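Remarks on the structure that follows.
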Amino acid sequence: MKYLGRRLAHGILLLVGASLLCFLFTDLAPGSFFDEIKLNPQISPETVAALRSHYGLDQPTSVRYVGWVKSVFKGEWGYSFAYNSPVRGLLMLRAGNTLLLTGVATLLVWLIAVPLGIWIADHPDAWSDRLCRGGTSILLSVPELVLVLGFLCLAVRTHALPVGGMASVGFDQLGRWSKLGDLIMHLIIPVITLVLAGLPILLRHVRASMTEVLKAPFVQAARGHGVAKTRLLFRYALPAAANPLISLFGFSVGGLLSGSLLVEVVTGWPGLGPLLLEATMSRDLYVVVGVVMLSTVFMILGNFLADVMLVAADPRIRMQ
Amino acid sequence: MTSKKKFWAAVTFLVLLHAVIVFAGFVAPYDPTSQNRNLPFVPPTRPHFIDTQGRFHLRPFICQWISRPQSLYEYEESHDKAYPIHFLVKGPEYKIAGLFSAHTHLFGVEVPAQIFLAGSDNYGRDQFSRILYGGRISLASGLLATLISLMLGLLLGTISGFYGRWIDELVMRTAELFLVLPWLYLLLAVRAFLPLYISPMQTFFLLVAVIGSVGWARPARLVRGVVLSAKTRKYVAASRGFGASDIHILRRHVLPHTYGVLLTQAALLVPQYVVAEVTLSFLGLGLSEPLPSWGSLLANLQQYNVLVSYWWMFIPGLALIVFSLGYLAVADAFLKRLQSTTV
Chain A
0 MKYLGRRLAH
10 GILLLVGASL
20 LCFLFTDLAP
30 GSFFDEIKLN
40 PQISPETVAA
50 LRSHYGLDQP
60 TSVRYVGWVK
70 SVFKGEWGYS
80 FAYNSPVRGL
90 LMLRAGNTLL
100 LTGVATLLVW
110 LIAVPLGIWI
120 ADHPDAWSDR
130 LCRGGTSILL
140 SVPELVLVLG
150 FLCLAVRTHA
160 LPVGGMASVG
170 FDQLGRWSKL
180 GDLIMHLIIP
190 VITLVLAGLP
200 ILLRHVRASM
210 TEVLKAPFVQ
220 AARGHGVAKT
230 RLLFRYALPA
240 AANPLISLFG
250 FSVGGLLSGS
260 LLVEVVTGWP
270 GLGPLLLEAT
280 MSRDLYVVVG
290 VVMLSTVFMI
300 LGNFLADVML
310 VAADPRIRMQ
Chain B
0 MTSKKKFWAA
10 VTFLVLLHAV
20 IVFAGFVAPY
30 DPTSQNRNLP
40 FVPPTRPHFI
50 DTQGRFHLRP
60 FICQWISRPQ
70 SLYEYEESHD
80 KAYPIHFLVK
90 GPEYKIAGLF
100 SAHTHLFGVE
110 VPAQIFLAGS
120 DNYGRDQFSR
130 ILYGGRISLA
140 SGLLATLISL
150 MLGLLLGTIS
160 GFYGRWIDEL
170 VMRTAELFLV
180 LPWLYLLLAV
190 RAFLPLYISP
200 MQTFFLLVAV
210 IGSVGWARPA
220 RLVRGVVLSA
230 KTRKYVAASR
240 GFGASDIHIL
250 RRHVLPHTYG
260 VLLTQAALLV
270 PQYVVAEVTL
280 SFLGLGLSEP
290 LPSWGSLLAN
300 LQQYNVLVSY
310 WWMFIPGLAL
320 IVFSLGYLAV
330 ADAFLKRLQS
340 TTV
């Protein structure tokens with residue numbers, strides 16, 4: 000219990016440090032949101048200066064940081080210059096879309112990788128083992144970018160799937176089940192890309208971990224006692240092999256918001272990725288800070304979740 | 000094959016690939032920026048060995064692409080004249096290592112015909128040459144960024160592991176901070192907040208510095224682990240007993256243990272960083288036109304018509320895959336070798 004309390008406090012300190020770092024990075028930037036407007040000769044420099052002071056951009060960093068922290072506690076999380084609204088509403092909508100995408104993809108990756116990895120580990124040196132090693136090597140070498148572009152090209156050529164976006168034209172007029180079907184059709188390409196990108200690493204880890212455990216003496220003893228194969232794999236071997244997998248699960252959860260940037264941008268899925276890119280290009284300071292901080296919160300939560308699960312699953316840690 | 004043979008085979012393959020990229024000027028038939036506005040989006044040229052009369056030629060030849068009548072971007076081969084492919088020809092001037100200028104190219108054809116081994120883009124620029132020259136930039140960014148990350152990681156990991164106590168705490172907490180921030184997001188944020196309009200050379204170095212300095216945390220952790228375990232060895236204690244200074248112990252006894260870890264990390268990080276540079280350039284935040292980079296070459300695919308009709312614009316992706324495969328093979332082989340020789 001104390002261990003978990005310490006990890007939580009550690010996480011909160013990390014969050015504060017991350018926010019400082021993020022603010023510092025974005026502040027080292029020369030240039031601000033209103034630089035584009037300065038180029039317009041019809042707008043006088045005084046107007047630009049007035050705009051800047053209205054949004055508080057001419058104040059020193061520390062003052063702005065304190066203002067941002069106050070805004071976070073107020074529930075607004077800063078103010079977006081481009082969208083002219085508090086950052087929070089913007090983030091919530093986009094984060095929801097992203098979570099839908101990455102949630103489905105992560106679920107699929109884990110549902111496929113764990114049983115498959117266990118099965119492959121059970122048949123060492125068989126064709127499945129070699130195929131796994133070769134296949135994962137190839138998949139690891141193909142960058143996500145090429146994968147998603149390839150799938151998009153396929154979709155356009157075969158007219159089988161909608162090309163990008165999250166909803167078809169006329170989405171609002173569809174019935175409830177048609178809406179679901181439409182969403183699923185739009186999900187297929189990004190989800191397949193994310194699954195193919197995330198599968199090899201997890202598969203390799205599951206296989207490696209299981210192979211390690213299956214060599215252990217207690218597994219031999221259980222086999223000698225006549226324990227059935229499925230029970231042996233899932234109730235005897237898997238819990239012992241779960242330690243690195245739980246850490247990986249923590250990473251998976253932590254990466255839910257940030258892992259899909261490229262896929263979202265290329266397929267036009269309205270998530271946090273395109274928002275960050277847009278804000279980045281237009282120097283919308285608080286949106287960038289907000290997005291990065293939200294993803295950091297998820298990462299810290301993911302690590303914390305992994306810690307909690309490890310304590311629950313591995314008695315050796317409880318003993319410390 | 001034994002693990003040693005596999006390792007050297009993978010390394011040789013990688014060295015050959017890099018040699019092709021380093022000598023891009025020699026292997027590429029054309030300058031990457033020279034345009035042929037009358038030949039946009041030409042499909043890859045097919046070398047033939049058997050001509051229209053059915054005769055076999057030892058030296059391959061190509062036919063010139065001409066536009067199909069009444070159409071804009073469709074081409075067909077004109078069989079009037081066969082242009083044989085010559086090797087070691089004189090062509091456009093290029094510089095080796097930025098110092099020596101030379102004229103010889105590996106292959107080429109006589110002037111009216113153009114040999115586009117990987118097709119051309121909308122300005123009629125030879126994609127094959129652009130891939131080779133672009134490879135220089137993408138690979139150089141990856142390698143330099145890896146160097147920066149590893150040096151930073153080695154320095155901080157060694158200090159942290161060797162001197163321990165509060166320095167260790169400080170460095171490891173900072174490393175956790177860098178590890179917990181989402182990598183690509185941080186990269187994007189940092190890159191975007193640098194001036195958007197700066198010279199290509201400056202962009203390149205800035206890009207490399209940013210990518211490299213964001214990723215020092217993982218190597219630092221690994222190095223720290225190795226240094227901690229090396230510090231406890233008996234020969235280190237003996238060395239101290241003989242009055243060895245810290246530097247001496249580090250250099251002779253501790254650092255040699257880190258080489259394995261560093262090389263494996265290098266083999267894993269280089270493809271990651273090359274992909275990072277390609278991603279940034281694809282999104283328009285890296286190097287921009289007319290400098291070729293695999294990312295900006297792939298950015299052509301963002302246009303709908305290119306994505307669907309011109310398959311040869313995917314070839315830079317293939318180059319990326321081949322390089323990643325090579326590096327992963329080296330990393331795997333090295334890991335196996337390390338495991339078999341670790342005490």
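Residue numbers (numbering that gives the first Met the number 0), protein chains in the order written: chain A, 0 to 319; chain B, 0 to 342.
Where is the CB? At the ideal position from N, CA and C, for every residue including glycine.
Predicted model, so just to flag it, every value in this text is computed and none were measured.
| said: So with CB distances below 9 Å, who are the chain A contacts of B:Pro181? | reply: Gly253, Gly254, Leu256, Ser257, Gly258, Leu260, Val291, Ser294, Thr295, Phe297, Met298
| said: Against chain B, which members of the region 195-221 of chain A pass a CB distance test of less than 9 Å? | reply: none
| Can you find a C-beta in chain B that's less than 8 Å from the C-beta of A:Phe250? | no
| request: Less than 8 Å between the CB atoms is what I'm expecting for A:Arg93 and A:Leu274, so what's the real figure, rounded? | output: 5 Å
| task | Under 8 Å by Cβ, that's how I've got A:Glu143 and A:Leu261 pegged, so tell me the actual separation to the nearest angstrom. | result | 5 Å
| the region 277-288 of chain B: which residues have C-beta closer than 7 Å to a C-beta of chain A, in chain order? | Val277, Thr278, Phe281, Leu282
| query | Which residues, taken in chain order from the region 150-163 of chain A, show a beta carbon closer than 8 Å to some beta carbon of chain B? | reply | Leu151, Cys152, Val155, Arg156
| query | Taking all protein chains shown into account, do 16 or more other C-beta atoms lie within 10 angstroms of the C-beta of B:Val260, making it buried, or fewer, making it exposed? | reply | buried
| For a contact meaning CB atoms closer than 8 Å, what does B:Glu175 contact in chain A? | Leu13
| query | Using the C-alpha atoms, what's the distance from A:Ile11 back to A:Pro161? | reply | 42 Å
| field | chain A residues whose Cβ lies nearer than 9 Å to that of B:Ala18 | value | Within 9 Å Cβ-Cβ: nothing; B:Ala18 doesn't reach chain A, min ~20 Å.
| query | CB-CB under 6 Å to B:Gly156, same chain, minus the five flanking residues each way: which ones, in chain order? | reply | Ala219, Val222, Arg223
| query | Hey, is B:Ala330's beta-carbon within less than 8 Å of any beta-carbon in chain A? | reply | no
| is_contact[A:Gly116, chain B] using C-beta, thresh 8 Å | no
| field | B:Leu107: first and last residue of the uninterrupted beta strand (DSSP E) it sits in | value | Contrary to the premise, residue 107 of chain B reads as Gly rather than Leu in this sequence. That run of the beta strand (DSSP E) goes 99-107.
| field | As assigned by DSSP and simplified to three states, the class of B:Asp79 | value | strand
| DSSP state of B:Leu116, grouped into three classes? | coil
| said: Using a Cβ-Cβ cutoff of less than 7 Å, which residues in the same chain neighbour A:Thr210 once the five nearest sequence positions on both sides are dropped? | reply: Ala120, Pro123
| said: So A:Thr101 contacts chain B; which residues on that side make the cut at Cβ distance below 7 Å? | reply: Result: empty, since nearest Cβ-Cβ is about 12 Å, beyond 7 Å.
| query | Rounded to a whole number of angstroms, what is the C-alpha to C-alpha distance between A:Pro189 and A:Gly163? | reply | 8 Å
| task | Kindly say whether A:Phe24, judged by its beta-carbon, lies nearer than 8 Å to any beta-carbon of chain B. | result | yes
| query | Within the 8 Å Cβ cut-off, does A:Pro142 reach chain B? | reply | yes
| query | Listed from N- to C-terminal order along the chain, which residues in the region 52-80 of chain A have their beta-carbon within a distance smaller than 7 Å of any beta-carbon of chain B? | reply | none
| query | If you check the beta carbons only, do A:Gly249 and A:Thr97 fall under 8 Å apart? | reply | no
| Neighbour list for A:Leu276 in chain B, Cβ cutoff strictly below 8 Å | Leu187, Leu282
| Sub-8 Å separation of B:Ser140 and B:Glu276 beta-carbons | yes
| message | The alpha helix (DSSP H) that contains B:Val179, what's its start and end? | response | 165-179
| Own chain partners of B:Phe12 with C-beta closer than 6 Å, once the 5 adjacent residues on each side are dropped | Gly325
| message | Relative to the C-alpha of A:Arg282, which candidate in A:Tyr78, A:Leu300, A:Asp181 has its C-alpha closest? | response | A:Tyr78
| request: Below 8 Å on the Cβ atoms is my guess for B:Pro270 versus B:Leu327; work out the distance and round it to an integer in Å. | output: 7 Å
| message | Measuring only the C-alpha atoms, how far is B:Pro31 from B:Pro291? | response | 7 Å
| query | Which first and last residues belong to the beta strand (DSSP E) in which B:Gly90 is found? | reply | 85-95
| Interface residues of chain C facing A:Ser167 [CB-CB closer than 9 Å] | Of the chains in the structure shown, none is chain C; the protein chains are A and B.
| task | Identify the contact partners of A:Gly4 in chain B, using a Cβ-Cβ distance below 7 Å as the criterion. | result | By Cβ distance, chain B contributes nothing, its closest Cβ being about 18 Å from A:Gly4, past 7 Å.
| request: Using a Cβ cut-off of 8 Å (strictly closer), state whether A:Thr327 contacts chain B. | output: Residue 327 of chain A lies beyond the range of chain A shown here (0 to 319); nothing can be said about it.
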